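Asker: Residue numbers (this note's numbering), protein chains in the order written: chain A, -13 to 173; chain B, 68 to 396. Quick reminder that beta carbons are idealized off the backbone N, C-alpha and C, glycines included. On a predicted model such as this, the values are computed, not experimentally measured, just so you know.
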């Protein structure tokens, strides 16, 4: 099946933000990850990283498959974002809140995905914050608002399945709100 | 006799022998006084436990997840300045440990299902309150004052039960109190708020936005005094649901209001919730400062998603996805 004909959710974000972990938390199959040794330790300290994409899947009881794609984190693979996002139900953007480039990453990724498809549901999860009162995220919201992007920005820990599900549920609700035909799916 | 499941979490490495002794002593009390408490306390693994006993300052990263899952976390302190109740301070007497067990038993009885983190209102204490908005108004006021240095302590008839930073951005309470706030079973409007100090080594701090959200949500089934029934409102930015841990219906209402302005009746229809649920969520969104009257700012540009149409239509598809993932419906 062509990529743009699939039912899919895209997990995006910079290297080390937790895309692989998030997919692993909800996928019905062990995620297929094309990970290799990370030779860009200056950008991110983790040992291995995804060079092409991660793939997971939800197989619904009626046989429908929902594909879960994790985009590669490195900038040089940004051409893949457009390919993967075409026809997607939405994008879950993950940001590492402890990174010195967190705000810049947010700006880059959110602007890019918003430009590719302004109507595509976008949900943002920020991990590794030392932000018990949520004020770090207020700055993130200001950055998005100043660019005309209204998207949910939540503190999350993608190692917790419940947090990944919160992002997915929010994405589904946005989709529902934008698709009149989908209304009452939750009732 | 009710069986209660309790776990003792020993430190991964011995940092202070007193901690080991304290947990051993607690375990011994459980064993020696079996059959003398109202409920039977059975030692189990933490994942299966309703109550988990740890030493104060235990860095185990599973503890926040257990707490979020509704388990009661009891800290035993070996320090001179201990946590507030229900922590035990080592060395403690057996009678103190037994009193703690009975108190925990009472909390579990009043909690019902401890896994349920929040609940839609049913009988609701707030409905019987003549001034349902007094606590919420206090939160709104202190948020404007922005004094992040001081702490306030809220007391019920007997004792301090909630600590609130004076800018409203953080609060602290024992797990049972947090559950009661989220369920709306604690009558916040009846609490007296005074200047106090943050409990040293006490319960961990949580985001004040969670407190204000559920305080507003449970305050009244009617629209808050500062909202107008005839006005259409919309969400200009999303609340931080990662900190609030909302009910699924809250997310649906927020999404509906982010896509187009509405008043309570309209958003109820769009989000497939009751008008009361929509009204309560509007109140919570207003207190979270994310709600504006539609005329105050430009309306959002209507958008339509261009995504692949699932076989059988979106309604059935989204329902199947939720069912598959066990998402709250």
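Can you name the start and end residues of the beta strand (DSSP E) that residue 285 of chain B belongs to?
Answerer: First-last for residue 285 of chain B: 275 to 286, but that is the alpha helix (DSSP H), not the beta strand (DSSP E).
Asker: Run through chain A and tell me which residues come within less than 7 angstroms of residue 229 of chain B, C-beta to C-beta.
Answerer: Simply none; closest approach about 16 angstroms.
Asker: Quick one: complete alpha helix (DSSP H) runs, 4+ long, within the stretch 100 to 137 of chain B?
Answerer: Counting only runs of 4 or more, we get 129 to 135.
Asker: Of all the CB atoms in chain A, is at least one closer than 9 angstroms to the CB of residue 392 of chain B?
Answerer: With 9 angstroms as the cut-off, residue 392 of chain B counts as an interface residue toward chain A.
Asker: Take residue 150 of chain A and list the residues in its own chain whose beta-carbon comes closer than 6 angstroms to its own, dropping the five residues that flank it on each side.
Answerer: Correct list, in chain order: 8, 11, 12, 144.
Asker: Just list the residues that DSSP pairs residue 139 of chain B with in beta bridges.
Answerer: BP columns for residue 139 of chain B point to B:118.
Asker: Just tell me which of A:16, A:137, A:161, A:57 has its CA closest to the CA of residue 42 of chain A.
Answerer: Looking at the Cα atoms, A:16 is the closest of the given residues.
Asker: Give a yes or no on whether the minimum CB-CB distance between residue 351 of chain B and chain A is below 9 angstroms.
Answerer: No, its Cβ sits nowhere closer than 9 angstroms to a Cβ of chain A.
Asker: Who are residue 221 of chain B's beta bridge partners in DSSP?
Answerer: Beta-bridge pairing links residue 221 of chain B to B:229, B:260.
Asker: For residue 5 of chain A, would you say it is in contact with chain B, using Cβ-to-Cβ distances shorter than 9 angstroms as the test?
Answerer: Chain B contact via Cβ: absent.
Asker: How long is the line joining the alpha carbons of residue 390 of chain B and residue 166 of chain B, rounded to whole angstroms?
Answerer: Near 43 angstroms, if we compare the C-alpha coordinates of residue 166 of chain B and residue 390 of chain B.
Asker: So the candidates are B:236, B:305, B:120, B:297; which of them puts its Cα closest to the Cα of residue 131 of chain A?
Answerer: Comparing Cα positions, the closest option is B:305.
Asker: Helix, strand or coil, according to DSSP, for residue 181 of chain B in the structure here?
Answerer: Per-residue confidence for residue 181 of chain B stands at a pLDDT of 35, beneath the threshold of 50, marking its modelled position as unreliable; the derived number appears in the next sentence. Correct three-state label for residue 181 of chain B: coil.
Asker: Report the residue from B:88, B:258, B:206, B:263 whose alpha carbon sits nearest the alpha carbon of residue 274 of chain B.
Answerer: Residue B:206 is the option with its Cα nearest to residue 274 of chain B.
Asker: Excluding the 5 residues flanking residue 340 of chain B on each side, which residues of the same chain have their C-beta closer than 7 angstroms to its C-beta?
Answerer: So the list reads 316, 319, 320, once near-sequence residues are dropped.
Asker: What are the boundary residues of the beta strand (DSSP E) that includes residue 141 of chain A?
Answerer: Start and end: 139 to 141.
Asker: With a CB to CB cut of under 6 angstroms and the five nearest residues on each side skipped, what residues in its chain are close to residue 236 of chain B?
Answerer: These residues qualify, in order along the chain: 275.
Asker: Note down, in chain order, every chain B residue with its Cβ under 8 angstroms from the Cβ of residue 97 of chain A.
Answerer: Here the premise fails: no neighbours, minimum Cβ distance about 17 angstroms.
Asker: Should residue 259 of chain B go down as buried or exposed, given a rule of 16 or more other Cβ atoms within 10 Å for buried?
Answerer: Classification for residue 259 of chain B: exposed.
Asker: 9 angstroms is my cut-off, CB to CB: does residue 77 of chain A come that close to chain B?
Answerer: It does not; no Cβ of chain B falls within 9 angstroms.
Asker: Measuring straight from C-alpha to C-alpha, what distance separates residue 257 of chain B and residue 251 of chain B?
Answerer: Taking the straight line from one Cα to the other gives about 13 angstroms.
Asker: Just to make sure I have the definition right: I need the residues of chain B whose C-beta is within less than 8 angstroms of the C-beta of residue 17 of chain A. Which are they?
Answerer: By Cβ distance, chain B contributes nothing, its closest Cβ being about 16 angstroms from residue 17 of chain A, past 8 angstroms.
Asker: How would you label residue 171 of chain A, buried or exposed, when you count the other beta carbons within 10 angstroms and need 16 or more for buried?
Answerer: Any reading at residue 171 of chain A must be qualified, since the residue scores a pLDDT of 43, below 50, and its modelled position is unreliable; no value is offered.
Asker: Can you find a heavy atom of the ligand GTP that lies under 8 angstroms from the Cβ of residue 308 of chain B?
Answerer: The ligand GTP is not among the ligands present in this structure, which contains no ligands whatsoever.
Asker: Comparing C-alpha positions only, which one of A:102, A:125, A:6 sits nearest to residue 59 of chain A?
Answerer: Per the Cα distances, A:6.
Asker: Taking Cβ positions only, does residue 346 of chain B come closer than 9 angstroms to chain A?
Answerer: Not one chain A Cβ lies under 9 angstroms of residue 346 of chain B.
Asker: DSSP on residue 290 of chain B, reduced to helix/strand/coil?
Answerer: In the structure shown, residue 290 of chain B sits in coil (DSSP, three-state: anything other than H, G, I, E or B).
Asker: To which residues does DSSP link residue 110 of chain A through a beta bridge?
Answerer: Its beta-bridge partners are A:79, A:139.
Asker: For a cutoff of 9 angstroms on Cβ pairs, would you count residue 255 of chain B as touching chain A?
Answerer: Judged by the 9 angstroms Cβ criterion, residue 255 of chain B is not in contact with chain A.
Asker: Using C-beta distances below 6 angstroms, list every residue in its chain close to residue 156 of chain A, excluding the 5 sequence neighbours before and after it, in chain order.
Answerer: Once the five neighbours on either side are set aside, the close Cβ partners of residue 156 of chain A are 109, 138.
Asker: Would you tell me roughly how many angstroms separate the C-alpha atoms of residue 312 of chain B and residue 88 of chain A, rounded to the nearest one?
Answerer: Approximately 23 angstroms between the Cα atoms of the pair.
Asker: Closest Cβ-Cβ distance between residue 57 of chain B and chain A: below 9 angstroms?
Answerer: An answer regarding residue 57 of chain B cannot be provided, because it is not within the stretch 68 to 396 covered by chain B.
Asker: Which class does residue 1 of chain A belong to by DSSP, given the choice of helix, strand or coil?
Answerer: It is coil, neither helix nor strand.
Asker: I'd like to check one pair, residue 262 of chain B with residue 157 of chain B: are the Cβ atoms closer than 9 angstroms?
Answerer: Their beta carbons are not under 9 angstroms apart, which means residue 157 of chain B does not touch residue 262 of chain B by this criterion.
Asker: Give me the subset of the stretch 277 to 295 of chain B whose CB atoms are less than 8 angstroms from a CB atom of chain A, sorted by chain position.
Answerer: Against chain A - using a Cβ distance shorter than 8 angstroms - the stretch 277 to 295 of chain B contributes no residues.
Asker: Decide yes or no for the touch test of the stretch 329 to 336 of chain B against the stretch 234 to 249 of chain B: beta carbon pairs closer than 8 angstroms, at least 3 of them.
Answerer: No: fewer than three Cβ pairs fall under 8 angstroms.
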